[in-house]
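Residue numbers (our numbering): 1 to 472.
Glycine residues also receive a C-beta, built at the ideal position from the N, C-alpha and C atoms.
Everything on this sheet refers to the single structure shown next.
Right, here's the structure in full:
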């Protein structure tokens, strides 16, 4: 997956909360552990010098004597941490600890290219750190005299009680934890993006589906969160709660449909999706309104006989509908619904039948579509999703074109491609893709509000034809 700088910043911005959360958690845990759970460590040190062995006759210092003393520094550093010396220190101070424990507290080092040896002792008790350092120096000097018969080590500085601990370094720990939290959070965000196989951009659609995006619909709720159980409310353009970006998006979709096939008259348009809850009903309903606003006589038919939703969107009852027209030869004019917008009629699904696919694929359905095509400029079919059932594929033979709706950040490549292939295998003509519920601030705020003055659908009950499906 190739990501340019701009896309990287968009990814970080979209999931910035993850990075910030990891930083805060890391900083908080580091601070709590450093201040309340880690013991204070004190350090006390003493310095020794290795000098020329005195022979009582010649006190002149030769270069060879200096080199010898420097060579002895390494030897003496090993002797200081030997078990022989450490056992004597434990005995002298009556310490209740093991040799390995004591050895872990001691650090012996040479001061550069000199004859100076520094003994550093770390301990949780400052007085004990001082006592161990001084005892080490004294025991070491005695052992050198005993083992090597040399008296060439003197103490320069004795150890003193330290005033403040050297660890934990709270602020440094917090800074390091913050950097680790940043790196982990950023790594997790990039991993999530890498594993994310959902469609978000027209480039994704073109790459995986070889289709064009004819509509990009902003998120009605203006909410970029994509909780799995988040409940979305289908809203209609023209209502006070819908701002101009959404209205303009449907106008663009309407225009793209009109110009998608200039040689053929697109009269019957089927709107579907791959799976449930991707926004097909929202798209078909608002597309019907937008086309009606362009002085076209539009009929919106709810063909989702399994899970009908059009009547819920427009707040009308679903007493009788398409199934009654097909099964009972009922005159559809008697049960059409008007929602207070000129040029728009709605035919709900009606009672749920036991055999939806057979009804939608019947000759009566075909004859009905031909009949209403003579009366209306545009017929929009809100069809069931493609993958769960075969209803949409059955209906596709009656449509002049199909619009496939996918939801931003939800529909996967595999699902969308399967839906496309299912439709193309039966010869259906896909006009293009509509990406639904795009976050309003995507790409740095690509949508802007133009005006609050838009068309308004009457939210109150209106009189419907023949009074069969009353608005609620």
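Which same chain residues end up closer than 6 Å to residue 22 when comparing Cβ atoms and leaving out the 5 residues on each side of it in sequence?
181, 184 and 185
For residue 10, which option in 282, 201, 344 and 251 has the closest C-alpha, if you only look at C-alpha atoms? 201
Is DSSP giving residue 210 helix, strand or coil here? coil
Check your understanding: Residue range of the beta strand (DSSP E) that residue 432 falls in?
Key -> 430 to 438
Check: Given 8 Å as the limit, is there contact between the stretch 34 to 53 and the stretch 160 to 174, that is, 3 or more CB pairs closer than that?
Finding: yes
| Contacting residues, own chain, Cβ-Cβ under 6 Å from residue 415 (five flanking each side not counted) | 274
Considering only DSSP beta bridges, list what residue 407 is partnered with.
436
Quickly, what does DSSP pair residue 43 with across the bridge? List them, please. 122
Review point. Residue ranges of each beta strand (DSSP E) run of no fewer than 3 residues wholly in the stretch 301 to 356, ordered along the chain?
Key: 344 to 347
Counting C-beta neighbours from all protein chains within 10 Å, is the total for residue 411 16 or more, i.e. buried, or is it exposed? buried
(Q) Starting from residue 412, trace the alpha helix (DSSP H) in both directions and tell me its first and last residue. (A) No alpha helix (DSSP H) contains residue 412, which DSSP labels as neither H nor E.
request  = Would you check if the stretch 359 to 366 and the stretch 276 to 295 touch, i.e. whether three or more CB-CB distances between them fall below 8 Å?
outcome  = no
**OP:** Would you mind stating whether residue 376 and residue 434 have Cβ atoms separated by less than 8 Å?
**Re:** no
Fill in: Sequence-distant residues of its chain with Cβ nearer than 7 Å to residue 308 (five each side left out)
302, 318, 348 and 349
Skipping 5 residues on each side, what residues in its chain have a beta carbon closer than 8 Å to that of residue 170? 31, 34 and 35
Within its chain, find whatever has a CB closer than 6 Å to the CB of residue 62; leave out the 5 residues flanking it on each side and keep chain order.
-> For residue 62, the predicted model reports a pLDDT of 49, less than 50, meaning its position is unreliable; a value from the coordinates is still stated below. Counting only Cβ-Cβ distances below 6 Å, and skipping sequence neighbours, we find nothing.
Quiz item: Hey, out of 135, 95, 74 and 306, whose CA is closest to residue 392's CA?
Solution: 306
Please name the residue in 326, 73 and 252 whose C-alpha comes closest to that of residue 116.
73
message = Just to confirm before moving on: does the CB-CB distance between residue 431 and residue 409 stay below 8 Å?
response = no
Checklist entry - Skipping 5 residues on each side, what residues in its chain have a beta carbon closer than 8 Å to that of residue 324? => result 330, 335, 350 and 351
Name the DSSP beta bridge partners of residue 25, please? DSSP output for residue 25 lists no bridge partner at all.
Among the candidates 265, 405 and 419, whose CA atom is the shortest distance from the CA of residue 374? 265
ask   = In or out: residue 426 buried (at least 16 other Cβ within 10 Å) or exposed?
value = exposed
- [ ] Would you list the residues sitting across from residue 379 in a DSSP beta bridge?
- [x] 268 and 299
When DSSP labels each residue in this structure, what does residue 163 get in the three-state scheme? coil
request  = Would you mind giving the Cβ-Cβ distance between residue 387 and residue 419, rounded to the nearest angstrom? I have them listed as a contact below 8 Å.
outcome  = 6 Å
Using a 10 Å radius around the Cβ and a threshold of 16 neighbouring Cβ atoms, would you call residue 444 buried or exposed?
With a pLDDT of 43 at residue 444, under the threshold of 50, the predicted position of this residue should be treated as unreliable, though the coordinate-derived value follows. Counting Cβ neighbours within 10 Å, residue 444 comes out exposed, since fewer than 16 surround it.
query = Mind pulling the alpha helix (DSSP H) runs of 4 or more residues that sit fully within the stretch 92 to 143?
reply = 99 to 104
Review point. What separation, rounded to the nearest whole angstrom, lies between the Cα atoms of residue 389 and residue 358?
Key: 12 Å
Beta-carbon proximity list for residue 79, same chain, < 8 Å, skipping 5 on both sides:
85, 140, 143, 144 and 147
Practice task
Identify whether residue 400 lies in helix, strand or coil by the three-state DSSP scheme.
Solution key: coil
query = What separation, rounded to the nearest whole angstrom, lies between the Cα atoms of residue 120 and residue 95?
reply = 18 Å
Span separating the alpha-carbon of residue 269 from that of residue 191 | 40 Å
- prompt: Using the C-alpha atoms, what's the distance from residue 282 back to residue 208?
  reply: 25 Å
Going by DSSP, what residues sit across from residue 50 in a beta bridge?
153
- Between which two residues does the alpha helix (DSSP H) harbouring residue 255 extend? 244 to 260
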